[in-house]
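To start, the structure itself, in structure tokens.
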Amino acid sequence: MAKRIEFSRTGGPEVLEFVDASPVEPQAGEVRIRHQAVGLNFIDIYFRTGLYPVPSLPSGLGTEGAGTVEAVGDGVDHLAVGDRVAYAQGPLGAYAEQHVVPADKVVVLPDGVDCETAAASMLKGLTVQYLLRQTYRLEGVETILFHAAAGGVGSIACQWARALGVKLIGTVSSPEKAALARDNGAWATIDYTREDVVERVRELTGGEMCDVVYDSVGKDTWETSLDCLKKRGLMVSFGNASGPVEGVNIGILNQKGALYVTRPSLNGYADTRERLESMCADLFAMLESGEVKIDIAQRFPLAEAGKAQEALAGRQTTGSTILLP
1 MAKRIEFSRT GGPEVLEFVD ASPVEPQAGE VRIRHQAVGL NFIDIYFRTG
51 LYPVPSLPSG LGTEGAGTVE AVGDGVDHLA VGDRVAYAQG PLGAYAEQHV
101 VPADKVVVLP DGVDCETAAA SMLKGLTVQY LLRQTYRLEG VETILFHAAA
151 GGVGSIACQW ARALGVKLIG TVSSPEKAAL ARDNGAWATI DYTREDVVER
201 VRELTGGEMC DVVYDSVGKD TWETSLDCLK KRGLMVSFGN ASGPVEGVNI
251 GILNQKGALY VTRPSLNGYA DTRERLESMC ADLFAMLESG EVKIDIAQRF
301 PLAEAGKAQE ALAGRQTTGS TILLP
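Numbered by the UniProt record's numbering, the letters in the sequence shown go through residues 1 to 325 in order.
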């Protein structure tokens with residue numbers, strides 16, 4: 001018998017239950033992974049609250065983990081029992097001691113990347129990969145604004161942008177988070193609790209504004225983000241931490257300077273095995289080179305997943321957070 005987190009109704013952290021679960025045998029094209037670490041991400045909260053619907057209830061939670069392959073289904077030839085592996089796009093249920101995952105979503109970890117680092121960085125790191133290298137392929141001459149620069153995705157983005165030679169302006173909510181973002185490579189920071197973000201961007205850029213704004217906050221920062229862009233700039237809305245952006249008049253993009261806007265996702269980019277492997281190779285190279293280092297600032301026992309989510313939603317975390325089975 002193994003343990004897992006599941007919920008039978010949507011709601012707050014209190015709906016999460018730590019229950020027994022019988023091991024499931026992998027079917028054709030699947031593998032079963034014994035987790036050493038599980039990733040915690042904001043999207044998990046969206047599923048728990050019902051913002052994103054789940055296929056059925058009761059449901060597992062979480063899509064990211066790392067560990068060791070302990071069983072392999074028919075037709076799987078790129079993975080073997082004993083392989084150290086990770087994934088970021090699994091079916092819901094990663095908050096568990098073991099999980100069955102489609103093999104084409106699983107990658108073997110290089111020797112230089114341990115399981116805790118992988119669980120803390122697969123979803124966040126691949127998100128940064130598509131944001132900085134695909135959604136807008138940064139070349140090192142740009143100035144960008146990145147919201148929540150001290151969080152899990154933001155911390156990786158600051159380092160990756162620095163490696164590319166990009167000037168990243170990061171928004172934060174405290175002096176401590178500002179210092180962390182700068183340590184990670186942010187060119188400048190803006191404390192949105194005390195400073196006017198648009199005016200500060202204007203000062204920092206000499207009125208030029210930003211080539212790209214990366215916004216995972218959503219509703220609360222939508223207008224601000226648009227106002228930080230230069231003419232024909234790109235607004236990348238990739239999250240809903242404050243709620244989804246709704247009721248947008250597309251004409252506002254013209255009024256604010258013939259702007260572009262996109263709403264990407266990891267599944268929209270890592271949509272084939274070849275693309276996933278290429279993106280992972282890019283991420284792993286950054287990790288092994290040391291240009292990107294993963295700050296696992298919080299570790300919670302799997303049984304305390306609700307407490308971990310409360311900390312994440314309450315902006316009480318920095319860097320990455322993992323759950324330990």
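Think of the CB as a built atom: it goes at the ideal place given N, C-alpha and C, for glycine as much as any other residue.
- If you ignore the 5 residues before and after arginine 202, its C-beta comes within less than 8 Å of the C-beta of Met209, all in its own chain and listed in chain order.
- Look at the beta carbons and you see the region 3-16 touching the region 59-70: at least three pairs across the two are nearer than 8 Å.
- Apart from sequence neighbours up to five positions away, the residues of its chain that approach threonine 49 with a beta-carbon distance below 8 Å are Thr10, Gly11 and Gly12, ordered along the chain.
- In this structure, threonine 171 sits away from valine 212, with a CB-CB distance that is not shorter than 8 Å.
- Of the candidates Pro26, Pro53, Gln27 and Ala120, the residue whose Cα lies closest to the Cα of phenylalanine 300 is Ala120.
- Residue burial annotation: glycine 75 is exposed, with fewer than 16 other C-beta atoms found within 10 angstroms of its C-beta.
- Boundaries of the alpha helix (DSSP H) around serine 225: 222-227.
- Alanine 161 is a Cβ neighbour of leucine 168, given a cutoff of 8 Å.
- When only Cα atoms are considered, glutamate 116 and valine 38 end up about 8 Å apart.
- With contacts defined as CB atoms closer than 8 Å, valine 72 and valine 85 fail to qualify as a contacting pair.
- Look at arginine 263 here: in three-state DSSP terms it is coil, with no helix or strand label.
- Nearest to methionine 122 by C-alpha distance, out of Gly233, Glu246 and Gly90, is Gly90.
- The DSSP assignment places complete alpha helix (DSSP H) segments of no fewer than 4 residues inside the region 269-322 at 273-289 and 305-313, in order along the chain.
- By the criterion of a C-beta distance shorter than 6 Å, glutamate 176 is surrounded by no residue of its chain, once the five residues flanking it on both sides are discounted.
- DSSP places glutamine 134 in no beta strand (DSSP E); its state is neither H nor E.
- For the 8 Å CB-CB criterion, isoleucine 156 and valine 292 form a contact.
- When DSSP states are grouped into helix, strand and coil, tyrosine 87 belongs to the strand group.
- Taken atom to atom, the span from the alpha-carbon of threonine 221 to that of glutamate 199 is near 14 Å.
- With a minimum length of 4 residues, the unbroken runs of alpha helix (DSSP H) contained wholly in the region 146-231 fall at 152-164, 175-183, 197-204 and 222-227.
- In this structure, valine 108 sits near leucine 79, with a CB-CB distance shorter than 8 Å.
- The alpha-carbon separation between asparagine 249 and methionine 235 amounts to approximately 15 Å.
- Burial of tyrosine 214 is indicated by the presence of at least 16 other C-beta atoms within 10 angstroms of its C-beta.
- Under the DSSP assignment, arginine 34 falls in the beta strand (DSSP E) whose first and last residues are 30-39.
- In this structure, alanine 118 and alanine 149 do not form a Cβ contact; the two beta carbons are roughly 23 Å apart against a cut-off of 8 Å.
- The beta carbon of threonine 262 sits closer than 8 Å to those of Thr135, Leu234, Met235, Val236 and Ser237, all from its chain and outside the five residues before and after it, given in chain order.
- For the options Ser242, Ile33, Gly29 and Thr272, the alpha carbon positioned closest to that of isoleucine 43 is the one of Ser242.
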